[in-house]
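Participant:
Residue numbers (the numbering used here), protein chains in the order written: chain A, 47 to 538; chain B, 159 to 644.
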């Protein structure tokens with residue numbers, strides 16, 4: 047077993063966090079550069095993994111780059127990490143975001159040391175969730191994320207930040223409490239914490255300590271809070287709105303995906319029968335999330351809140367794709383997670399930039415900025431168009447796959463109607479995205495905004511990366527779907 | 159007569175006496191700390207030397223020397239060492255009775271060590287009183303009104319609890335005619351089931367024992383003394399009470415109930431359910447009331463009531479699982495070790511901070527992240543561990559103890575417990591919030607003494623170690639849980 051790529055990717059950020067937190071006499075520039083280095087290496091490594099990933103069909107369901115070491119013999123827990131077609135894109139997503147948010151945070155000057163330490167710890171925990179193949183390890187990383195988020199929102203946030211932070215923590219803890227009960231039940235049903243074994247054997251030959259339906263929903267609630275699914279979504283607008291820009295990007299781009307990933311990895315893989323029999327309800331819930339989320343977004347006047355609510359609607363597509371339970375729809379759901387991570391990340395980054403440069407977040411008071419900040423206007427528009435699923439952007443590819451997959455799915459009767467209803471969500475999305483862009487950038491220029499800054503060179507650099515990935519996946523989605531398929535094939 | 163098996167206790171008693179005598183002759187009170195610590199280390203050395211040896215009984219089966227007892231002895235010695243380190247500054251403010259303070263800490267440790275080993279009702283009572291009486295005095299050591307009130311309240315309620323306990327013991331003795339736990343078990347198992355059910359004496363005796371021991375571990379509804387005593391007692395003693403006395407209580411409950419009343423199965427199911435219900439009530443009440451506290455010592459008092467609730471999940475598991483299954487017991491032992499480190503760490507940080515502020519109010523901790531970053535970080539780690547979040551020990555402890563409970567059909571209790579952890583996050587994080595988000599009242603730094611720093615580093619390292627690589631301690635807990643002789 048050669049070089050431990052995944053361990054390095056997961057733990058480099060936290061190593062950076064420790065150095066930044068405890069090394070005395072670090073200058074501000076030095077801290078930022080350290081953070082950039084400690085997030086860039088994982089990014090480079092994950093791209094390297096992507097290139098060396100075995101993409102042949104024979105690799106379907108095979109864990110690659112696995113590492114397994116005995117961790118706690120007393121409860122049969124292993125330090126077991128590895129990636130397959132499902133998790134690799136999410137790892138890449140997170141390493142990208144981890145690096146980009148460091149660049150995004152370049153202008154932060156409040157309590158810099160703590161800020162970057164928490165940010166890097168956050169990246170480690172999310173990467174850990176995507177790479178873990180042991181339930182205890184998975185749950186450990188899942189829980190670690192809470193503390194950095196709490197600090198990041200409550201110290202560097204805006205508005206009712208402390209309220210939003212504690213709301214986030216209580217919601218998440220409630221979800222993970224349910225999840226813990228589910229994981230423990232699973233553990234004692236099978237006597238194993240290995241997610242690989244569970245995925246292979248399922249629960250077929252075991253008698254569960256409690257009905258499997260109960261285990262399924264204990265886990266599902268934990269993931270549904272994170273995704274979020276209506277009606278468990280109310281933490282999201284608050285947390286997103288009040289978080290600092292970089293944290294909103296990680297939250298929307300990386301954290302929400304933990305929910306969708308968990309649903310595919312645990313709920314659908316281990317309990318195919320339960321997923322099958324409850325799919326109608328869950329698909330209906332997905333459509334409600336899409337439409338309700340979009341409708342509520344329509345009437346937001348706060349820039350960040352608007353983007354935050356749009357996530358609920360977009361994550362509804364993920365839920366729809368997952369529980370339509372066809373190979374195409376699941377691939378679409380996984381691609382949608384990746385794509386949404388970049389698109390919403392870009393939107394939040396742009397919104398943060400507008401808010402930072404103009405110092406105004408109320409859409410009714412903004413206007414005509416296209417003239418004062420042309421670059422931001424163009425990039426923001428590209429992000430917006432990607433969000434509403436314009437062809438050649440990744441948003442189109444992902445949503446198209448979800449719709450095709452769920453329309454042709456045979457698991458749920460009448461899913462065609464649900465799919466058509468969900469497609470309507472796109473129309474509403476177009477409505478609020480275009481309205482938002484119009485409010486910010488078009489109309490006659492306002493005098494009070496004369497002389498506001500446009501994007502500087504660093505900001506242009508990360509904008510370029512965002513847009514490049516979105517377009518690349520939009521034009522040639524097979525670059526990812528070929529990999530995702532390998533992860534999805536054993537599930538369905 | 160195997161006197162060599164009694165050496166840890168004998169040496170500790172000798173050192174306690176040396177401390178008292180030395181106090182008469184020396185003006186350098188630092189020496190007292192050194193001698194006390196030396197006593198603990200020597201005793202721990204003897205204890206470790208016995209580890210892994212076969213289980214034996216001494217003094218006509220009154221004391222058991224098994225791995226279970228040794229595990230707890232080491233735990234108590236470690237706790238006492240940290241408490242003494244944490245007391246150095248605190249005690250140096252006293253004008254008189256410093257020697258007595260350290261001697262009393264050693265004596266109550268001796269009592270706890272005996273509690274972990276006793277296997278006979280009368281010896282249990284004596285060990286319990288040795289521990290308690292030392293602690294009654296220590297609680298009143300400050301001699302201000304609050305401390306005196308704490309001491310008196312503790313004494314009075316403790317005396318009532320002892321009476322209840324004695325009454326329970328008397329009933330059990332009356333029913334079985336034995337005081338030795340193994341004999342009691344044999345007598346009960348030899349009786350026909352109808353005979354057990356015909357007389358309420360045994361059940362009543364068990365209920366009274368639960369009440370008497372429940373006082374020690376701060377189980378609801380025997381928790382009334384906790385907030386006042388915790389608030390009034392000197393802070394190192396509060397720390398000691400919250401971990402040492404509680405761990406000793408759990409040790410004795412485990413031994414008595416598992417050894418004497420472990421069979422027949424319906425009997426152990428009965429007391430298992432009693433503990434399950436007490437656990438559910440305890441953690442809910444402790445957590446809910448803790449939310450509204452403004453004094454950090456009181457808050458941790460209620461939090462310790464809640465933690466006792468989590469610990470009782472382990473007792474309920476022991477009751478509900480077959481006798482051969484060790485998961486409930488080892489989970490409880492691991493939780494106790496992790497809880498001891500965590501709570502001690504939290505209290506040590508509080509001693510350092512409050513010693514400078516002269517206040518225990520949570521609001522006064524405002525901006526501590528700027529005034530004492532390392533202390534605030536340590537306290538944050540301990541509070542995170544109390545919530546049960548990784549990478550701290552509390553996370554693993556909860557996972558371990560709950561996993562046993564789920565295994566034996568206590569999923570309902572586990573769900574109550576995990577929801578309770580969510581509630582608890584609210585008040586633990588409030589302290590964190592005040593420390594890191596609040597504005598400091600002054601820019602003045604909060605210093606801490608070397609002794610406190612050592613003690614705090616040890617407990618924080620322990621918390622992290624148990625949270626990240628708990629395998630070794632879990633193994634110890636398993637070995638200890640397996641070796642019961644009575």
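Built from N, CA and C at the ideal position, the CB exists for glycine as well. Since we're looking at a predicted model, the values are computed, not measured.
On the DSSP letters alone, give me the boundaries of the alpha helix (DSSP H) that residue 223 of chain B sits inside.
Facilitator: Here residue 223 of chain B belongs to no alpha helix (DSSP H); instead the beta strand (DSSP E) covers 221–223.
Participant: Cα-Cα, which of B:208, B:598, B:550 and B:632 is closest to residue 186 of chain A?
Facilitator: Ranking the options by Cα distance to residue 186 of chain A, first place goes to B:550.
Participant: Closest to residue 427 of chain A by C-alpha separation, out of A:347, A:512, A:469 and A:503, would be which residue?
Facilitator: If we check each option's Cα against that of residue 427 of chain A, A:512 comes out closest.
Participant: Contact between the segment 496–508 of chain B and the segment 549–563 of chain B: three or more CB pairs below 8 Å?
Facilitator: Judged by Cβ distances under 8 Å, the segment 496–508 of chain B makes contact with the segment 549–563 of chain B, as three or more pairs qualify.
Participant: Do three or more CB pairs link the segment 438–449 of chain B to the segment 529–542 of chain B at distances below 8 Å?
Facilitator: With the cut-off at 8 Å, the segment 438–449 of chain B and the segment 529–542 of chain B do not touch.
Participant: Counting only C-beta atoms, is residue 473 of chain A closer than 8 Å to chain B at any point?
Facilitator: False, the Cβ-Cβ gap to chain B never drops below 8 Å.
Participant: Could you give the first and the last residue of the continuous beta strand (DSSP E) run that contains residue 216 of chain B?
Facilitator: Residue 216 of chain B -> beta strand (DSSP E) spans 214–216.
Participant: From the DSSP output, in three-state form, read off residue 451 of chain B for me.
Facilitator: Looking at residue 451 of chain B - three-state DSSP - the assignment turns out to be coil, as it is neither helix nor strand.
Participant: Going by the beta-carbon positions, is the gap between residue 145 of chain A and residue 85 of chain A smaller than 8 Å?
Facilitator: Yes, the pair counts as a contact, with Cβ atoms nearer than the cut-off.
Participant: Identify whether residue 393 of chain B lies in helix, strand or coil by the three-state DSSP scheme.
Facilitator: Of the three classes helix, strand and coil, the one that applies to residue 393 of chain B here is helix, per DSSP.
Participant: Short of 8 Å Cβ to Cβ, which residues in the segment 567–588 of chain B face chain A?
Facilitator: The residues in question are 567, 569, 572, 573, 576, 577, 579, 580, 583, 584 and 587.
Participant: Name the two residues that bound the continuous alpha helix (DSSP H) containing residue 247 of chain A.
Facilitator: 241–247 is the span of the alpha helix (DSSP H), which, as asked, contains residue 247 of chain A.
Participant: Measure the Cβ-Cβ separation of residue 281 of chain B and residue 349 of chain B and say whether it is below 8 Å.
Facilitator: It is not a contact, given that the beta carbons lie outside the stated cut-off.
Participant: Is it true that the segment 389–403 of chain B meets the segment 294–302 of chain B, where meeting means three or more beta-carbon pairs spaced less than 8 Å apart?
Facilitator: Segments in contact, yes.
Participant: How would you list, in chain order, the residues of chain B whose beta-carbon sits under 7 Å from the beta-carbon of residue 178 of chain A?
Facilitator: Within chain B, no residue comes near residue 178 of chain A; the closest Cβ sits about 12 Å away, beyond 7 Å.
Participant: Alpha helix (DSSP H) containing residue 565 of chain B: first to last residue?
Facilitator: Counting along the chain, the alpha helix (DSSP H) containing residue 565 of chain B begins and ends at 551–565.
Participant: Under DSSP, the alpha helix (DSSP H) around residue 110 of chain A begins and ends at which residues?
Facilitator: Not the alpha helix (DSSP H): residue 110 of chain A falls in the beta strand (DSSP E), residues 110–118.
Participant: Which chain B residues are close to residue 120 of chain A, counting only those with a beta carbon under 7 Å from its beta carbon?
Facilitator: Per Cβ cutoff of 7 Å: 629, 632, 633 and 636.
Participant: Listed from N- to C-terminal order along the chain, which residues in the segment 530–557 of chain B have their beta-carbon within a distance smaller than 7 Å of any beta-carbon of chain A?
Facilitator: If the cut-off is 7 Å between Cβ atoms, the segment 530–557 of chain B has 542, 547, 548, 549, 553 and 557 near chain A.
Participant: Mapping the DSSP letters down to three states, classify residue 128 of chain A as helix, strand or coil.
Facilitator: Of the three classes helix, strand and coil, the one that applies to residue 128 of chain A here is strand, per DSSP.
Participant: Do you know how far the Cα of residue 515 of chain A is from the Cα of residue 525 of chain A?
Facilitator: Those two C-alpha atoms are separated by around 11 Å.
Participant: Using a Cβ-Cβ cut-off of 8 Å, state whether residue 201 of chain A counts as contacting chain B.
Facilitator: With 8 Å as the cut-off, residue 201 of chain A counts as an interface residue toward chain B.
Participant: Taking only beta-carbon positions, decide if residue 200 of chain B is within less than 8 Å of chain A.
Facilitator: Chain A contact via Cβ: absent.
Participant: Hey, residue 412 of chain A and residue 485 of chain A: beta-carbon distance below 8 Å or not?
Facilitator: Yes; because the gap between Cβ atoms is below 8 Å, this pair is in contact.
Participant: At a CB-CB cut-off below 9 Å, which residues of chain B make contact with residue 270 of chain A?
Facilitator: The contacting residues do not exist; residue 270 of chain A stays about 16 Å from chain B at best.
Participant: I'd like to know whether the C-beta of residue 526 of chain A is nearer than 8 Å to at least one C-beta of chain B.
Facilitator: Judged by the 8 Å Cβ criterion, residue 526 of chain A is not in contact with chain B.
Participant: Short of 7 Å Cβ to Cβ, which residues in the segment 162–193 of chain A face chain B?
Facilitator: Result list: 182, 186, 189, 190, 192 and 193.
Participant: Ignore the nearest five residues each way along the sequence and tell me which others in residue 521 of chain A's own chain have a CB closer than 8 Å to its CB.
Facilitator: Correct list, in chain order: 438.
Participant: Taking the alpha-carbon positions, what's the residue 394 of chain A to residue 460 of chain A distance?
Facilitator: Near 36 Å, if we compare the C-alpha coordinates of residue 460 of chain A and residue 394 of chain A.
Participant: Locate the alpha helix (DSSP H) running through residue 184 of chain B, then write down its first and last residues.
Facilitator: Where residue 184 of chain B is concerned, there is no enclosing alpha helix (DSSP H), given that its DSSP letter is neither H nor E.
Participant: Can you say whether residue 404 of chain B is buried or exposed, counting buried as having 16 or more other CB atoms within 10 angstroms of its CB?
Facilitator: So residue 404 of chain B counts as buried.
Participant: Chain B beta carbons: is any one of them nearer than 8 Å to that of residue 212 of chain A?
Facilitator: Yes, residue 212 of chain A counts as interfacial toward chain B.
Participant: Would you check if the distance between the CB atom of residue 257 of chain B and the CB atom of residue 190 of chain B is smaller than 8 Å?
Facilitator: It is a contact, given that the beta carbons lie within the stated cut-off.
Participant: My understanding is that residue 547 of chain B touches residue 267 of chain A, with C-beta atoms under 8 Å, so please give their C-beta distance in whole angstroms.
Facilitator: Wrong, their Cβ atoms sit about 19 Å apart, outside the cutoff.
Participant: Under 8 Å by Cβ, that's how I've got residue 509 of chain A and residue 300 of chain A pegged, so tell me the actual separation to the nearest angstrom.
Facilitator: Between residue 300 of chain A and residue 509 of chain A the Cβ distance is about 19 Å, and since that is not below 8 Å, they are no contact.
Participant: Would you say the segment 240–252 of chain B touches the segment 368–381 of chain B, given that touching needs at least three Cβ pairs under 8 Å?
Facilitator: They do not touch, by the three-pair rule.
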